[in-house]
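Using our numbering, you'd call the opening residue of the sequence shown number 6 and step up by one each time. By construction, the Cβ of each residue, glycine as well, lies at the ideal position given by its N, Cα and C atoms. All values reported here derive from a predicted model rather than from experimental measurement.
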Amino acid sequence: RPQRLRSQLTLPGLHTSATGNMSLEHTSSDARWKFGYGSNMSQDFLRTKKALSPLCSRRTVLHGFRLSFPVGHGIDYVEPAFATLKRDPTCAVHGVSTLLSRADADKLDRMEGGYALEVATAHVYGSGEELRVEVYVPRRELPLDHPEGACSERYRDVLVKGAVENDLESAWIERLRSLPVYTPSAATLQLRAAVPSPSVLPQMSIEELRCHDGSSESHPVYTSACGYIFSHDPHFRSYRGRDVTFRNLLHFRGINIDANDDGGKSPFPRLSQLDAAECEYVLQNRDRLLHKAGPPIAVLREFWEEQDVVLEA
6 RPQRLRSQLT
16 LPGLHTSATG
26 NMSLEHTSSD
36 ARWKFGYGSN
46 MSQDFLRTKK
56 ALSPLCSRRT
66 VLHGFRLSFP
76 VGHGIDYVEP
86 AFATLKRDPT
96 CAVHGVSTLL
106 SRADADKLDR
116 MEGGYALEVA
126 TAHVYGSGEE
136 LRVEVYVPRR
146 ELPLDHPEGA
156 CSERYRDVLV
166 KGAVENDLES
176 AWIERLRSLP
186 VYTPSAATLQ
196 LRAAVPSPSV
206 LPQMSIEELR
216 CHDGSSESHP
226 VYTSACGYIF
236 SHDPHFRSYR
246 GRDVTFRNLL
256 HFRGINIDAN
266 DDGGKSPFPR
276 LSQLDAAECE
286 YVLQNRDRLL
296 HKAGPPIAVL
306 REFWEEQDVV
316 LEA
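Next comes the structure, spelled out in structure tokens:
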């Protein structure tokens, strides 16, 4: 049975095979194998989006688990479900085990803070060799009958890219390609259609909006998406007192946010120049605010001055 204690992960290299050969002979005792079954499969994604430096990787299979996208374990209206694991002795999950330095492994643990960490045995593709890997599992074990949900199209595409990049089994790639993806409901599209023209709403400047970042009790928390300002205290502190459109685009494009987010300054993304998928993603982030906060209370002046819309004074 997998152990939850990292201290029991003693050898970061491959176990000896039946032939007595070792696939990895020079691995640091501080390095850690991480079994990726979601966005952590792609080595390019780990480098570009998460700013990690993988040492090497192996295609592997983890037995005793089922890939799951549980309802209620995501960000509603945008990313309703993320990949996790259900314990199931009849199933197996294909993925990529990546060797990371201790510093990078700890950094990834902080990024994946919503998960618990277990140590398990993964089987390397095309050999009898095994790896002792760390794997992210739910903090509370999911029952097998917990309902499955839909992930975002963005997330589905990240998984498929990682599986193709690492040449996982074709059947597994097709399974990922066929995952159901989130689409806005009719009610959500009605809310979207009812958003007023920016020219009829009060205007706020970047500096005025920044005063509503939660640092002062005299100013309620505001956040802005696609240039529309909402009276809402978002879960993510980085969303407070600013427009999040550029940040959302960085996430959608798989670009490291910490190194590139400008905090909601000008110049802003020009909505008319986004492709259809990018535009839909930033609108879904605005949809979420429409559901959580109600109608927008104002617009961000500098954002709309850079769009293809003329604001009235």
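*asked:* What residue range does the beta strand (DSSP E) around residue 62 cover?
replied: 61-73
- Item | Continuous alpha helix (DSSP H) stretch holding residue 193: start and end | 191-198
Helix, strand or coil for residue 117? Go by DSSP, reduced to three states.
coil
- Task: Mark residue 241 as exposed unless 16 or more other C-beta atoms lie within 10 angstroms of its C-beta, in which case mark it buried.
- Result: exposed
- Query: If you check the beta carbons only, do residue 312 and residue 219 fall under 9 angstroms apart?
  - Reply: no
Q) Which value, in whole angstroms, describes the spacing of the CA atoms of residue 153 and residue 89? A) 11 angstroms
Straight-line CA distance for residue 49 to residue 58? 10 angstroms
- Query: Does the beta-carbon distance from residue 299 to residue 214 come in below 9 angstroms?
  - Reply: One thing to note: residue 299 has its Cβ no nearer than 9 angstroms to the Cβ of residue 214.
Going by the DSSP bridge assignment, what does residue 239 pair with across the sheet? Answer by DSSP bridge pairing: none, since residue 239 is not bridged.
* Assigned secondary structure, residue 314 (DSSP; H/G/I helix, E/B strand, else coil) -> coil
Comparing C-alpha positions only, which one of 250, 294 and 259 sits nearest to residue 3? An answer regarding residue 3 cannot be provided, because it is not within the stretch 6 to 318 covered by the chain.
Q. Do you know offhand how far residue 265's Cα is from residue 56's?
A. 12 angstroms
Measure the beta-carbon distance from residue 36 to residue 105 and round it to whole angstroms, keeping in mind my assumption that it falls under 8 angstroms. 7 angstroms
(message) Determine whether the beta carbon atoms of residue 151 and residue 76 lie at a separation below 9 angstroms.
(response) yes
Worksheet item: Are residue 101 and residue 46 touching if we call contact CB-CB under 9 angstroms?
Response: yes
- prompt: Helix, strand or coil for residue 286 per DSSP?
  reply: For residue 286, the secondary structure class from DSSP, reduced to helix, strand or coil, is helix.
Whose C-alpha, out of 131, 285 and 301, is nearest the C-alpha of residue 204?
301
Q) What is the DSSP secondary structure of residue 50, reduced to helix, strand or coil? A) helix
**Item:** Close-in-space but distant-in-sequence residues of the same chain around residue 178 (CB under 8 angstroms, 5 per side omitted)
**Value:** 165, 168 and 169
Starting from the N-terminal side, write out each stretch of the beta strand (DSSP E) that is 3 residues or longer and does not extend beyond the region 72-147. 89-105, 120-129 and 135-143
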